[in-house]
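Start counting the sequence shown at 384; every next residue gets the next number (the working numbering).
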Amino acid sequence: MTMVLLCAHIMSFCTILPFLTQPISLGVNILIGVLSLSLCVVLFAGSWFAFILILVYLGGLLVVFAYMITLVPNVVFKTFRIAVLQMIFMVVYMCCILMLDMKSMLKGHMVENFPWVSNQNDTGLVITFSFNSVILISTAMVLLLALICVVKICFLKKGPLRPFL
384 MTMVLLCAHI
394 MSFCTILPFL
404 TQPISLGVNI
414 LIGVLSLSLC
424 VVLFAGSWFA
434 FILILVYLGG
444 LLVVFAYMIT
454 LVPNVVFKTF
464 RIAVLQMIFM
474 VVYMCCILML
484 DMKSMLKGHM
494 VENFPWVSNQ
504 NDTGLVITFS
514 FNSVILISTA
524 MVLLLALICV
534 VKICFLKKGP
544 LRPFL
């Protein structure tokens with residue numbers, strides 16, 4: 384039942400995107416959709432993959448939001464129309480999904496379609512084993528070095544986000 388609700392949320396957030404006109408409503412809608420998608424990923428894959436997915440989307444949304452704030456003037460935010468549309472879409476998708484064959488979902492036949500569900504407990508721990516620790520530490524060091532180099536190379540007054548600094 385949790386997957387049905389999450390799928391309905393994701394589909395309603397995807398179908399309401401063309402009706403949104405303001406950057407803040409688009410950003411919030413994408414953020415909530417990604418949170419629902421990451422909850423679905425947690426149920427099927429590992430939690431580390433969902434965590435990486437959220438971090439990538441949050442980084443992209445921060446950059447897009449910063450650029451859109453500099454380009455678009457302040458506009459009155461109307462939430463009632465968006466909330467009504469979203470509720471209508473979510474109810475329609477939930478009704479469509481609930482009309483599916485629920486007996487096969489409840490009996491566990493869906494698990495056979497996803498072979499990685501059976502070894503779900505192992506997927507998150509493989510990255511932290513001792514034979515992977517050298518790779519994990521070296522990757523963290525390379526990323527830290529790249530971060531320091533980018534900060535050192537970029538000038539604060541000539542960067543793309545200069546109004547915010």
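We put the CB at the ideal spot given by N, CA and C, even for glycine.
Between L422 and L389, the gap from beta carbon to beta carbon is short of 8 Å. N412 is not a Cβ neighbour of F432, given a cutoff of 8 Å. Per DSSP, L389 is one residue of the alpha helix (DSSP H) stretching across T385 to I399. A distance of 8 Å or more separates the beta carbons of I393 and L426. For a cut-off of 8 Å, the C-beta gap from M451 to P401 is around 17 Å, too long to register as a contact. With contacts defined by Cβ atoms closer than 8 Å, I435 and V417 do not form a contacting pair. Residue environment for V424: buried (at least 16 other C-beta atoms within 10 angstroms of its C-beta).
Check the Cα spacing between M470 and each of L530, V525, T522 and A391: the tightest is with A391.
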